[in-house]
Structures are given as C-alpha cells and as structure tokens.
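All remarks here apply to the structure that follows.
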Amino acid sequence: MSEATPTQSQGAPGRHFILLLLILVYILNFLDRQIISILAVPIKEEFGISDSQLGWLLGLAFGSVYSVLAIPAAWLADRFSRVWIMTGALAIWSGFTAFCGLAANYGQLFIARMGVGVGEAGGVAPAYSLISDMFPPKSRARALAIYSFGIPVGAAAGVLFGGMIAKAIDWRYAFIIIGAVGLLVAPVFKLLVKEPPRPANAVKAPPIWEVAGIAFKKPSFWLLSFGAGCSSLVGYGLMAWLPSFLVRSLKFDLTQTSQYLAAILFFGGVAGMFMGGFLADKLGQKSKAAYALIPASAFVVSAPLYAVGTLANAPEVTFVLFMAAQALGLVWLGPILTAVQHLGPARSRSQMSALFLLINNLIGLGVGPYFFGKMSDVLKPEYGTDSIKWAFISGLGFYVLAALLLVLASRQLKKDWVE
0 MSEATPTQSQ GAPGRHFILL LLILVYILNF LDRQIISILA VPIKEEFGIS
50 DSQLGWLLGL AFGSVYSVLA IPAAWLADRF SRVWIMTGAL AIWSGFTAFC
100 GLAANYGQLF IARMGVGVGE AGGVAPAYSL ISDMFPPKSR ARALAIYSFG
150 IPVGAAAGVL FGGMIAKAID WRYAFIIIGA VGLLVAPVFK LLVKEPPRPA
200 NAVKAPPIWE VAGIAFKKPS FWLLSFGAGC SSLVGYGLMA WLPSFLVRSL
250 KFDLTQTSQY LAAILFFGGV AGMFMGGFLA DKLGQKSKAA YALIPASAFV
300 VSAPLYAVGT LANAPEVTFV LFMAAQALGL VWLGPILTAV QHLGPARSRS
350 QMSALFLLIN NLIGLGVGPY FFGKMSDVLK PEYGTDSIKW AFISGLGFYV
400 LAALLLVLAS RQLKKDWVE
C-alpha cells in the first residue's frame, strides 16, 4: 500500500510546527513521568518505605495501567481525532501529577501514580501515527527520533525542576506546580494543532484483534518488542534509581543530584536519539536490517560504560561515562519505532505502536524500577548504602540480551516490512 506524501497531507512548515508542539507535549509527558525519581529520597524518608516498595511506586503503579490502556487509546486514535485524544490525555495525567503532591500516605501516592499512567496511555501512540502520516519514509526515522527528544528533555527537566522546587519549598509542591503547567498547556495544544488528514488511500482502521493477528505472526514484532523491552528495563530502572545512587554512593545533596543528572539525561539523550535517527535514515534505505542492528551495536557498548561509570569513585569520570552510555542506550528509539510502524498497514499504526508499547513498557516500566529496587534490598545486608550500585551492575546483562534479540530481528525485517 502506498502512502500520501506529506505535501498531499500537510505542508512542510505546518508539519514541522505540529512536530514542535508534539515534542512539547512529550516533554511534559516525561517530565510528569520521571519527576518522581528525583523526589524518591524525600518520599522514602517521609513515608518510611523500603527500596522494593519504592520500586513498585516508580514502576508498576504507573507502568501497568499505562501499558494496558494504551491499547484502547490507540484503537480510538486510529478512528477518531488524535489531537482531541492527546489533549484529553495531557489534562488527565497533569491533573493526577498535581494530586501526587496531595497524597497523605504511600497508598494514596500509589493510586495517584496510577492515574498519571491512565492519562499518559493516550499520549504517545497517537503522536506516532500523526508523525508517520506527515513525514515520508526517507525522513520518518529522523522525525520520530526528533519527537523522542521529549524523553531526555522531559526527564532532565523533571529531575532539575523537581529537585529545585523540592529543595526550595517541599517535594509536594514539585508535583503540584508541574501538574498545573500541563493543565494550562492542554487547551493551547488543542487550539494550535489541527488534525491532519489520513493518507488519501488509507482504508478503514482494522479492529485490534486483526492488528494483533498481523503483529503476532511476524517474528520481527516479537523480537523488536522484547529486545526494546529488555533495554527499557535497564533504561527506566537506571533513570528511576540514579538519583538515589548519587545521594547514597557519591554523597550528593538534592540540588547537586538534580543538576548533575539533568545534564546527563539531556545531553546524552539528545545526542543518542539524533544519532539513532540519522543512522537509521541513512543506512535503513540500503538494508532494513539496519533498523535493528544499529541499536543492537549501541547496547553492546553501553553496558560496559555504565558498569565502569558505576564503579568509578570520581564524579567527573562517572559523569562522562554515564552521558556516553545514556546516549548509546537511547539510540534505539528512532530505528525501532520506525520499523514497528512498517510492520502493518498505515491505518493500523497507532494500534501496532500500542501493542509494541504494551510489551516494551510492561517489561521496562513495570519491571525495571522494581527489579533494581528489589536487588538493592537483597544486596543491602552485604553492601549497605552501596547496594544500589551493585544492583545496577546486576541488571546490565539485560542490555546484552536486548542486543541478541535485535540481531535476530534484523534477519526478519526485510520479509516482514510493509511500505
């Protein structure tokens, strides 16, 4: 099935403006999602919880509902206005972020984080679909990678502003203020973004079970999903626990931690995503296998960089190594997201993305933060406050597993690809 070109659906200035606004919403998405990581230390102190309990809060409370509800949100996005869906999603997750600041105990905060997941379920798959409709195949990986800049920018902003607000006022106000910003942006987004037309020759969106049937029959879908999921287990796990590592092992205070980590997330993340999108667009035109081999290579290099950085005693050395590892760990987004978009027909893209995100996020968001928290508790009798450091080391093998799965996926992509 051929697609309408962007000039048939949306002029270049228009699609670039919409991409910019989508990035803004994605920044708020990750800001609200990751702000809790920098606030983990004061939350743990106030509520008196273990690392395992904190791991559930950082991961499963959000990731379980986010991953599952992304499926019906994507079903709606393939049939109705993607802009309206994203506007409502932004308002919901921002409201629940503000409610996090009002939680009186661990249970209430857990429920509020589930609410954030409910809203964010409608924020990503519709955006993938919009971008894929607006940009041609030769530049789609770059567009998706640029959109994914919202991840490092949002994560960096979350830890930076969250840490600053918590230090200056209180951790609760960090949630309330950031949530209020999203509530103000939601109506502005709806006002400025017009729904672009679907591809001129796109057929009616198929039902989810039909899309699932297409996806599940393709080995590349399973290999890409579980490969990305293993990498996300490490990525989300480290992102959730790095503030605690910096406080416990490097003896940083909250302000130092927020500034140090924000720089790593921002510069490393932006560099990695740009590199992944650029390489995928350049090499993917010659071989579909490149969409899987590029991130596989990056994971193999990222794992030892994280290991050496974790064990280094000098903050300057850790900073450089973590920033390089962060860049390589996020190379996968442009290539793999583009490949997933091409595993089914154009009108099924939101649902195909949601099925991919279901697997990726259940493993990454649902398991990652809890895994590192649980390992920290297991190792605490032997290593004390340094237990989180050795928990990091124990989890890096998932990067190797991710690379192996993606190498296997590279052998299937040409056969499974749909233009």
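Positions 0 to 418 (numbering that gives the first Met the number 0) are the ones given, in order, by the sequence shown. Glycine included, every Cβ here is placed at the ideal spot set by N, Cα and C. All figures in this text were calculated on a predicted structure; none of them were measured in a lab.
Within the model, the alpha-carbon separation for F397 versus S66 is close to 20 angstroms. Taking the CA atoms as reference points, A144 sits about 42 angstroms from P380. Non-local beta-carbon contacts of V152 in its own chain, meaning distances under 6 angstroms to residues more than five positions away in sequence, involve I26 in chain order. When the Cα atoms are used, S386 and Q411 turn out to be separated by approximately 40 angstroms. In the same chain as L232, and ignoring 5 residues on each side of it, the C-beta atoms closer than 6 angstroms to its own belong to I362, G363, V366, G367 and F397, in chain order.
Excluding its 5 nearest sequence neighbours in each direction, F225 has C-beta neighbours in its own chain below 6 angstroms: L404, listed in chain order.
The Cβ atoms of L282 and A289 sit closer than 7 angstroms to each other. In this structure, A97 keeps its C-beta atom at 7 angstroms or more from the C-beta atom of I164.
Taking C-beta separations shorter than 6 angstroms and ignoring five residues to either side along the sequence, the partners of A323 in its chain run L304, following chain order.
Taken through DSSP and simplified to helix, strand or coil, F29 comes out as helix.
Only residues of its own chain outside the window of five on either side were considered, and among them A39, K43 and G372 have a CB closer than 7 angstroms to the CB of L53, listed in chain order. The Cβ atoms of L182 and S51 lie no closer than 7 angstroms to each other. In the DSSP assignment, E418 falls outside any alpha helix (DSSP H), carrying neither H nor E. The region 94 to 175 is shown to contain whole alpha helix (DSSP H) runs of 4 or more residues at 105 to 119, 124 to 133, 136 to 146 and 149 to 167, in chain order. Proximity of the region 205 to 212 to the region 296 to 314 falls short of the contact definition, fewer than three beta-carbon pairs being nearer than 8 angstroms.
When the beta-carbon positions are compared, T384 and R247 come within less than 7 angstroms of each other.
Per the coordinates, the alpha-carbon of A353 lies some 5 angstroms from the alpha-carbon of I70. Where N360 is concerned, the enclosing alpha helix (DSSP H) starts and stops at R348 to N360.
Closest by C-alpha distance to R112, out of L20, I35 and K285, is I35. In the three-state scheme derived from DSSP, where H, G and I count as helix and E and B as strand, P314 is classed as helix.
For S409, the uninterrupted alpha helix (DSSP H) run begins and ends at G396 to S409, by DSSP.
For L23 and Q325, the gap between their C-alpha atoms comes out near 21 angstroms.
Secondary structure of Q284 (DSSP, three-state): coil.
In the three-state DSSP reduction, P218 falls in the helix class (H, G or I). Going by beta carbons, A261 and V158 fall inside the 7 angstroms limit.
When C-alpha distances from V316 are compared across L329, V339, L249 and V299, the shortest belongs to L249.
When Cβ pairs closer than 8 angstroms are counted between the two stretches, the region 339 to 357 is seen to touch the region 71 to 86, the count reaching three or more. Counting C-beta atoms within 10 angstroms of its own C-beta, N104 has fewer than 16 neighbours from the protein chains shown and is therefore classed as exposed. Ranked by Cα distance from K166, the options P41, G328, G343 and F321 are led by P41.
It is roughly 44 angstroms from the alpha-carbon of R81 to the alpha-carbon of V377.
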